[in-house]
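In UniProt numbering, the protein residues as written are 1 to 120.
All C-beta atoms in this analysis are idealised placements derived from N, C-alpha and C, irrespective of residue type, glycine included.
Here the structure comes first, spelled out in structure tokens, and everything after it is commentary.
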């Protein structure tokens with residue numbers, strides 16, 4: 001439901017451990033107010049204590065991963081009143097199916113090809 005706001009495609013997360021909430025979904029046809037609510041939830045999540053970042057992709061199956069400082073912060077976001085409204089609307093209107101998985105990130109590593117200074 002949420003999308004990154006920066007031009008960088010990945011959330012800027014701290015050294016692990018931290019929490020990842022993985023929301024995988026299949027949408028129902030039509031927008032039905034989804035885009036407006038998605039933008040609103042994105043902005044609201046960024047204001048929550050312990051929010052670290054978010055990554056999202058959708059092509060058939062949507063996957064949104066939000067990152068939180070700890071389990072308490074992730075649980076806190078789940079209970080924000082406006083987010084509860086969005087969750088209910090998602091179950092009733094926007095999602096044909098979804099799964100939520102919560103995990104603790106223990107390691108993080110990657111590769112940034114832009115740091116190679118033209119070398120291959």
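With DSSP run on the structure shown, which of helix, strand or coil describes residue i?
i, result
"residue 42", "helix"
"residue 118", "For residue 118, the predicted model reports a pLDDT of 48, less than 50, meaning its position is unreliable and no value from the coordinates is stated."
"residue 80", "coil"
"residue 53", "strand"
"residue 70", "coil"
"residue 5", "Annotation note: pLDDT 45 at residue 5 (below 50); position unreliable, no value reported."
"residue 11", "coil"
"residue 91", "helix"
"residue 75", "helix"
"residue 109", "coil"
Should residue i go down as buried or exposed, given a rule of 16 or more other Cβ atoms within 10 Å for buried?
i, result
"residue 100", "exposed"
"residue 19", "buried"
"residue 61", "exposed"
"residue 111", "exposed"
"residue 113", "exposed"
"residue 65", "buried"
"residue 23", "buried"
"residue 88", "exposed"
Would you please state the rounded distance, in angstroms, between the beta carbons of residue i and residue j? I believe it to be under 8 Å.
i, j, result
"residue 45", "residue 94", "So it is not a contact: roughly 17 Å between Cβ atoms."
Any heavy atom of the ligand HEM closer than 6 Å to the CB of residue i?
i, result
"residue 113", "This structure lacks the ligand HEM, and indeed carries no ligand of any kind."
* To do: Answer yes if the region 46–56 comes into contact with the region 90–110, meaning at least three C-beta pairs across the two stretches below 8 Å, and no otherwise.
  => Cβ pair count under 8 Å is below three, so no.
* Contact the region 41–50 vs the region 66–79: 3+ CB pairs below 8 Å -> yes
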